[in-house]
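Per our numbering, the sequence shown runs over residues 10 to 322. Virtual Cβ for every residue (Gly too), placed ideally from N, Cα, C. Small disclaimer: the values here were computed from a predicted structure and weren't measured. Have a look at the structure below before the remarks.
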Amino acid sequence: MAAAAQEKIFTTKIETEEKIEPKDWMPDAYRKTNLRQISQHAHSEIVGMLPEGNWITRAPSLKRKAILLAKVQDEAGHGLYLYSAAETLGMSRDEMINSLHEGKAKYSSIFNYPTLTWADMGAIGWLVDGAAILNQVMLCRTSYGPYARAMVRICKEESFHQRQGFEILWVLSNGNAEQKAMCQDAINRWWWPSLMMFGPTDSESTNSDQSMKWKIKRKSNDELRQQFVDMCVEQVKVLGMQLPDEKIKWNEKRKHYDFGEIDWNEFWNVVKGNGPCNKERLAARRKAHEEGQWVREAAMAFAAKRNTKKTAA
Ligand code: FAQ
Numbered sequence: 010m011a012a013a014a015q016e017k018i019f020t021t022k023i024e025t026e027e028k029i030e031p032k033d034w035m036p037d038a039y040r041k042t043n044l045r046q047i048s049q050h051a052h053s054e055i056v057g058m059l060p061e062g063n064w065i066t067r068a069p070s071l072k073r074k075a076i077l078l079a080k081v082q083d084e085a086g087h088g089l090y091l092y093s094a095a096e097t098l099g100m101s102r103d104e105m106i107n108s109l110h111e112g113k114a115k116y117s118s119i120f121n122y123p124t125l126t127w128a129d130m131g132a133i134g135w136l137v138d139g140a141a142i143l144n145q146v147m148l149c150r151t152s153y154g155p156y157a158r159a160m161v162r163i164c165k166e167e168s169f170h171q172r173q174g175f176e177i178l179w180v181l182s183n184g185n186a187e188q189k190a191m192c193q194d195a196i197n198r199w200w201w202p203s204l205m206m207f208g209p210t211d212s213e214s215t216n217s218d219q220s221m222k223w224k225i226k227r228k229s230n231d232e233l234r235q236q237f238v239d240m241c242v243e244q245v246k247v248l249g250m251q252l253p254d255e256k257i258k259w260n261e262k263r264k265h266y267d268f269g270e271i272d273w274n275e276f277w278n279v280v281k282g283n284g285p286c287n288k289e290r291l292a293a294r295r296k297a298h299e300e301g302q303w304v305r306e307a308a309m310a311f312a313a314k315r316n317t318k319k320t321a322a
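In structure tokens:
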């Protein structure tokens with residue numbers, strides 16, 4: 010079929026909300042943008058296991074340990090669904106993982122901050138998973154079929170993650186003076202980095218225009234960030250805590266909360282690899298990958314043996 014005719018079918022599918030599937034013709038740039046975003050998203054899930062994994066052995070009770078363990082395992086699962094979705098676009102998982110380990114691929118800036126106290130587990134669940142959900146609910150309707158379907162299941166699990174985080178903070182906020190202070194301190198440290206998760210402001214977002222036209226993204230970075238601020242301002246009241254921004258104020262005209270300026274220098278510094286934990290995170294990922302080599306080899310040998318038996322039968 011002629012290129013123009015193929016492009017017409019693709020454009021019509023986008024316009025009529027029909028999903029683009031792996032075997033469909035798609036423009037190269039559409040393939041590349043999806044691959045970039047989905048693989049970055051997968052890397053974020055996998056690197057995102059590290060800050061919380063740090064607290065599994067130090068969780069304050071067996072129940073908290075079991076919940077945190079389940080949450081961190083969920084993140085691994087999310088990474089796997091997303092790597093599988095990205096593989097349908099023609100890049101192998103090995104290539105994606107090498108690119109992460111070589112420091113070439115991006116992952117969310119948020120995971121380059123340290124987890125200093127138990128309250129950070131609450132703040133990550135409430136704020137980080139909360140921000141992730143807003144973005145991911147929109148992605149359940151993204152135009153690339155495998156990505157949209159992966160997001161449906163991920164969102165269900167993320168909403169459990171968010172609630173468990175809020176509950177950790179709720180317990181601390183009803184505790185003694187030290188626990189209340191720990192809760193406030195975690196909110197103070199995670200608030201601004203969580204706002205940065207939505208990406209640069211719309212005027213600086215290089216990919217947004219095209220991604221919105223292709224319906225990969227359905228809402229802009231600033232729209233989602235505003236939705237997040239509006240949601241958190243109400244939720245923090247339940248905790249009896251404060252968001253660390255004196256400029257938060259209801260704007261009757263906009264029907265949204267105004268908020269202070271994000272430190273974009275900090276954001277770009279972290280994205281470029283110079284955040285508080287970037288080097289530590291990549292070193293931990295590389296080490297885990299190297300130490301897991303024998304597991305991958307054993308799994309491959311087992312699969313090959315099973316296949317030989319099936320062929321012989
Ligand atoms: N960090 O033109 P835009 C989670 C980069 S999952 C690092 O606006 P785009 C679950 C961006 O890649 C969290 N880099 O880009 C969990 C681009 O660079 P490039 C992850 C960032 O793609 C919870 C450049 O800046 N979620 O948390 C960031 O249109 C708890 C220009 O930006 C997703 O990945 C950033 N924050 O919009 C796990 C969702 N923001 O690639 C464990 C899917 C921007 O041109 C524990 N991704 N950059 O070199 C998206 O929705 C989009 O990719 C955005 C960025 C919204 C993140």
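| Check | Outcome |
| --- | --- |
| Nearest-angstrom Cβ-Cβ length linking Lys-226 and Ser-217, presumed shorter than 8 Å | 6 Å |
| Asp-239: CB within 7 Å of a non-hydrogen atom of the ligand FAQ | no |
| Extent of the continuous beta strand (DSSP E) to which Tyr-266 belongs | 265-267 |
| Rounded straight-line distance, which links the Cα of Gly-174 to that of Gly-249 | 16 Å |
| Ile-133 CB to nearest heavy atom of the ligand FAQ below 7 Å | yes |
| Cβ pair count under 8 Å reaching 3, the region 182-199 against the region 143-154 | no |
| At least 3 beta-carbon pairs within less than 8 Å: the region 147-163 vs the region 90-110 | yes |
| Val-146 beta carbon near the ligand FAQ (any heavy atom closer than 7 Å) | no |
| Endpoints, alpha helix (DSSP H) assigned at Lys-288 | 287-300 |
| Straight-line gap, Met-309 to Cys-149 (C-alpha atoms, nearest Å) | 33 Å |
| The region 57-65 touching the region 116-135, judged by at least three CB pairs closer than 8 Å | yes |
| Cβ-Cβ distance between Ala-128 and Leu-178 below 8 Å | yes |
| Top-ranked residue by Cα proximity to Glu-30, from Phe-19, Ala-38, Glu-24 | Phe-19 |
| Presumed contact (8 Å Cβ cut-off) between Arg-290 and Val-56, rounded CB distance | 5 Å |
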